[in-house]
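Everything on this sheet refers to the single structure shown next.
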Amino acid sequence: MKKANKRTSKADLQSRLEKLYRCLEIGRAINSETDLDRLLQLVMEETTNLMEADRSSLFLVDRERGELWSKVAQGLESREIRIPLDKGIAGHVATTGEVVNIADAYQDPRFNPEVDRKTGYRTRSILCLPVYNHSREIMGVIQVLNKKDGSFSQEDERLLSCLADQVAVALEDAFLVREMKSSLERTRDLLEVGKAISGEIELDSLLRLIMEKTSHLLRADRSTVFLLDMERKELWSKVAQGLQDAEIRFPMHLGIAGSVATTGETINIADAYQDPRFNPEVDRKTGYRTRSILTMPMRNKRGEIIGVFQCLNKEGGGAFTREDEELLEALSSQAAIAIENAQLYEEQKKQFNSIIEVLASSIDARDPYTAGHSRRVMEYTVGTAQEMNFSRKGLEALRVAAFLHDYGKIGVHDAILRKPGNLTPEEYRAIQEHVVKTKEILENLYLSRDLREIPMIAAFHHERIDGTGYPFHLRDEEIPLGGKIMAVADVFDALTSQRPYRSPSTPEEAFAVLEEGVGKHFDGEVVAAFKRYFYKKKQGESGGSPRPAGTQEQQEK
Numbered sequence: 001m002k003k004a005n006k007r008t009s010k011a012d013l014q015s016r017l018e019k020l021y022r023c024l025e026i027g028r029a030i031n032s033e034t035d036l037d038r039l040l041q042l043v044m045e046e047t048t049n050l051m052e053a054d055r056s057s058l059f060l061v062d063r064e065r066g067e068l069w070s071k072v073a074q075g076l077e078s079r080e081i082r083i084p085l086d087k088g089i090a091g092h093v094a095t096t097g098e099v100v101n102i103a104d105a106y107q108d109p110r111f112n113p114e115v116d117r118k119t120g121y122r123t124r125s126i127l128c129l130p131v132y133n134h135s136r137e138i139m140g141v142i143q144v145l146n147k148k149d150g151s152f153s154q155e156d157e158r159l160l161s162c163l164a165d166q167v168a169v170a171l172e173d174a175f176l177v178r179e180m181k182s183s184l185e186r187t188r189d190l191l192e193v194g195k196a197i198s199g200e201i202e203l204d205s206l207l208r209l210i211m212e213k214t215s216h217l218l219r220a221d222r223s224t225v226f227l228l229d230m231e232r233k234e235l236w237s238k239v240a241q242g243l244q245d246a247e248i249r250f251p252m253h254l255g256i257a258g259s260v261a262t263t264g265e266t267i268n269i270a271d272a273y274q275d276p277r278f279n280p281e282v283d284r285k286t287g288y289r290t291r292s293i294l295t296m297p298m299r300n301k302r303g304e305i306i307g308v309f310q311c312l313n314k315e316g317g318g319a320f321t322r323e324d325e326e327l328l329e330a331l332s333s334q335a336a337i338a339i340e341n342a343q344l345y346e347e348q349k350k351q352f353n354s355i356i357e358v359l360a361s362s363i364d365a366r367d368p369y370t371a372g373h374s375r376r377v378m379e380y381t382v383g384t385a386q387e388m389n390f391s392r393k394g395l396e397a398l399r400v401a402a403f404l405h406d407y408g409k410i411g412v413h414d415a416i417l418r419k420p421g422n423l424t425p426e427e428y429r430a431i432q433e434h435v436v437k438t439k440e441i442l443e444n445l446y447l448s449r450d451l452r453e454i455p456m457i458a459a460f461h462h463e464r465i466d467g468t469g470y471p472f473h474l475r476d477e478e479i480p481l482g483g484k485i486m487a488v489a490d491v492f493d494a495l496t497s498q499r500p501y502r503s504p505s506t507p508e509e510a511f512a513v514l515e516e517g518v519g520k521h522f523d524g525e526v527v528a529a530f531k532r533y534f535y536k537k538k539q540g541e542s543g544g545s546p547r548p549a550g551t552q553e554q555q556e557k
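Following this note's numbering, the residues of the sequence shown are numbered contiguously, the last one being 557.
Right under this line is the structure:
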């Protein structure tokens, strides 16, 4: 009998030693794995084998969201599961630090049998204990289910506790590596975003770019930048994602965005419908379902609030984190500088445009029959250029050139400009000279690099394909496309406008003249593009396809 007991004791001791040795081997294996997802999977597999159990789970504590979370295998991939920090046996262990060893789960009131009913699994024995970090804070919970030969013993508790200490070291290393990688990625992404937005000076395009980059950076479903209009006491956005040329406005005190604009405080809401400041009416109107919201003030370098960032619905269905707040704060400082620069550029552009329009109007005003001619030629020219896919910079140069194409007429005597009958050869030469004078006057303007072609473009609007135009008698390929477009626009407006010596032509009659001149005076592709533009515009003015209106989807959130 004594020999039998001795043999049993020796076998037990050998088994313990083997398991301890196996525990050390597992420790070495998991400490060499720094990818958190792979580490979680490895820990669960090795724990299940070591503890001779049916399955294992490793839950990590997310104190910011008050949850325990883990990754579970699903086919070839894994999915994240989350449970409240204070629920179930795992939650009890995470909040109290107690070791829970249950022989029959259904006899313990802390056990939730609902999971078994949903999955068809039958939980019997459970061993669950906390995982502590180096500061003795609970960072997770290891849970082992269904010991293969009965219930878990005190020896199993000691073995799992030994393994948990090694798991803690591996987890802290993996968290550190992940944080370093995440920090590097955030820094790189911020640099890329900063570079992108600093190179954009058009406010509409800048806002669209900022919203696009913000959604990507914070992994949000939607983002909006609202700017503050202190004169009108409103928040507004020129571009709502998914729409073009949209503007929305609402009182600066309204909703969550208004609260942030007036208080300067960041608002981070995990569930919008639980916050009294949220207006669910917008969701009901649009069919959109708002869950999480992160709204933050945007301050300029003087600390003044110039707008509000708002991000909706964090990917994965969770809430925005403290890390998201820090990221948005870093982004907002860059965005504020870019936006103020764009606003300054827009103000300067408005001043420049107002001067251009005054100059053009001063020429048109000299003759009542040419009133509005410069503006119409500009609209026809830009519309046709858009139809022909001109770049934004090309359109701007063409717009200014078209506005001022007749400015040289300031040097032509009124008697010649307003003469109702035919001009003498000398008078006709005086009229022709206005093109050269326009070029000379515009060359005295200080123009940015993108606009330096304006004098030459304006000087080409009387050139013709066959070389019979003036003042340079250029032919076809020698005439820039902008000059060809302006020539068509100028002739069309002249034909369809009232003159003292004739009635205006109809658009159809004017197009017939243009088409007859294709290949001799006018470029065929330009005439076709102008015709498309003209009738599209006419259709829009007569109630055709309307331009999309601004959305109010986020204005009260």
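Each residue gets a CB set at the ideal place from its N, CA and C atoms; glycine is no exception.
(1) Which residue spans inside the segment 438 to 471 form an unbroken alpha helix (DSSP H) run of at least 4?
(2) In terms of residue numbering, what span does the alpha helix (DSSP H) encompassing residue 234 cover?
(3) What whole-angstrom Cβ distance do residue 376 and residue 360 have, given they're in contact under 8 angstroms?
(4) Tell whether a beta-carbon distance below 9 angstroms holds between residue 432 and residue 471.
(5) Under 8 angstroms from any heavy atom of the ligand GTP, does the C-beta of residue 474 make it?
(6) Excluding the five sequence neighbours on either side, which residues of its own chain have a C-beta within less than 7 angstroms of the C-beta of residue 314, listed in chain order?
(7) Could you work out which residue in 283, 308, 223 is closest to residue 260 when comparing CA atoms only?
(8) For residue 498, which three-state DSSP category applies?
(9) Provide the residue span of the alpha helix (DSSP H) that contains residue 147, from first to last.
(10) Note the first and the last residue of the continuous beta strand (DSSP E) segment covering residue 394.
(11) Is the Cβ-Cβ distance between residue 197 and residue 330 less than 9 angstroms?
(12) On a Cα-Cα basis, can you pick out the residue from 112, 383, 395 that is closest to residue 535?
(13) Could you compute how far the alpha carbon of residue 283 sits from the alpha carbon of residue 273?
(14) Apply the 10 Å Cβ neighbour rule to residue 396 and answer buried if 16 or more other Cβ atoms are within range, or exposed otherwise.
(15) Counting Cβ pairs closer than 8 angstroms, one from the segment 453 to 472 and one from the segment 494 to 506, do we hit at least three?
(16) Quick one: complete alpha helix (DSSP H) runs, 4+ long, within the segment 312 to 384?
(17) Could you give the residue range of the beta strand (DSSP E) that holds residue 275?
(18) Residue 241: buried (16+ other C-beta within 10 angstroms of its C-beta) or exposed?
(19) Can you list, in chain order, the residues of its chain whose CB lies under 6 angstroms from that of residue 166, leaving out five sequence neighbours each side?
(20) On the criterion of 16 or more Cβ atoms from any shown chain inside 10 Å, does residue 18 qualify as buried, or is it exposed?
(21) Could you give the DSSP three-state label for residue 523: helix, strand or coil?
(22) So is residue 131 buried or exposed if we call it buried at 16+ other beta carbons inside 10 Å?
(23) For residue 214, collect the residues of the same chain with a Cβ closer than 6 angstroms to its Cβ; drop the 5 residues on either side in sequence, then sort them by chain order.
(24) At the level of alpha carbons, what is the spacing between residue 406 and residue 366?
(25) Just verifying my parser: in three-state terms, what is the DSSP assignment at residue 388?
(26) Could you check how far apart the C-beta atoms of residue 520 and residue 466 are, in whole angstroms? I think they sit under 8 angstroms.
(27) How is residue 295 classed by DSSP in three states: helix, strand or coil?
(28) Taking just the CA atoms, how far does residue 412 sit from residue 398?
(29) In angstroms with no decimal places, state the Cα-to-Cα distance between residue 48 and residue 87.
(30) Suppose the cutoff is 6 angstroms on Cβ atoms and the five residues either side in sequence are ignored; what does the same chain contact list for residue 253 look like?
(31) For the alpha helix (DSSP H) holding residue 38, just list the boundary residues, first then last.
(32) Would you mind reading off the limits of the beta strand (DSSP E) that contains residue 111?
(33) In terms of residue numbering, what span does the alpha helix (DSSP H) encompassing residue 224 cover?
(34) Less than 9 angstroms between the beta carbons of residue 529 and residue 304, yes or no?
(35) Between which two residues does the beta strand (DSSP E) carrying residue 412 extend?
In this structure, then:
(1) Uninterrupted alpha helix (DSSP H) stretches at least 4 residues long and entirely within the segment 438 to 471 occur at 454 to 458, given in chain order.
(2) Annotation: residue 234 is outside any alpha helix (DSSP H); the continuous beta strand (DSSP E) that includes it extends over 234 to 237.
(3) So it is not a contact: roughly 11 angstroms between Cβ atoms.
(4) Yes, the pair counts as a contact, with Cβ atoms nearer than the cut-off.
(5) Questions concerning the ligand GTP fall outside what the structure shown contains, since it holds no ligand whatsoever.
(6) 219, 220, 292, 320.
(7) Comparing Cα-Cα distances from residue 260 to each of 283, 308, 223, the minimum goes to 308.
(8) Collapsing the DSSP output to three states places residue 498 in coil.
(9) That residue, residue 147, is in no alpha helix (DSSP H); its beta strand (DSSP E) goes 138 to 147.
(10) Per DSSP, residue 394 belongs to no beta strand (DSSP E); it is in the alpha helix (DSSP H), 392 to 403.
(11) Not closer than 9 angstroms, so no.
(12) Of the candidates 112, 383, 395, the one whose C-alpha sits nearest the C-alpha of residue 535 is 383.
(13) The alpha-carbon separation between residue 283 and residue 273 amounts to approximately 11 angstroms.
(14) By the neighbour-count definition (other C-beta atoms within 10 Å, threshold 16), residue 396 is a buried residue.
(15) In this structure the segment 453 to 472 does not touch the segment 494 to 506; the number of beta carbon pairs closer than 8 angstroms is below three.
(16) Listed in chain order, the complete alpha helix (DSSP H) runs (minimum 4 residues) inside the segment 312 to 384 are 322 to 364.
(17) Neither: residue 275 is in no beta strand (DSSP E) and is coded neither H nor E.
(18) With a pLDDT of 45 at residue 241, under the threshold of 50, the modelled position of that residue is not reliable, and no figure is offered here.
(19) For residue 166, same chain residues with a beta-carbon under 6 angstroms away, outside a window of 5 residues either side, are 27 in chain order.
(20) Looking at its Cβ environment, which holds fewer than 16 other Cβ atoms inside 10 Å, residue 18 is exposed.
(21) DSSP places residue 523 in coil when its eight states are reduced to three.
(22) Residue environment analysis places residue 131 among the buried positions, since at least 16 neighbouring C-beta atoms fall within 10 angstroms of its C-beta.
(23) Residues 223 of the same chain have their beta carbon placed closer than 6 angstroms to that of residue 214, with the five preceding and five following residues left out of the count.
(24) Near 12 angstroms, if we compare the C-alpha coordinates of residue 366 and residue 406.
(25) When DSSP states are grouped into helix, strand and coil, residue 388 belongs to the coil group.
(26) Yes, they are in contact, since the Cβ atoms of residue 520 and residue 466 sit about 5 angstroms apart, within 8 angstroms.
(27) Judged by DSSP in its simplified three-state form, residue 295 adopts strand.
(28) Their Cα atoms are separated by approximately 24 angstroms.
(29) Looking at the two C-alpha atoms, the distance is approximately 23 angstroms.
(30) Taken in chain order, the residues that qualify are 262.
(31) Segment 36 to 50, the alpha helix (DSSP H) holding residue 38.
(32) It is not in any beta strand (DSSP E) - residue 111 carries neither H nor E in the DSSP assignment.
(33) Segment 220 to 229 is the beta strand (DSSP E) holding residue 224; no alpha helix (DSSP H) there.
(34) Contact: no.
(35) Looking at the DSSP string, residue 412 is not in any beta strand (DSSP E), and its letter there is neither H nor E.
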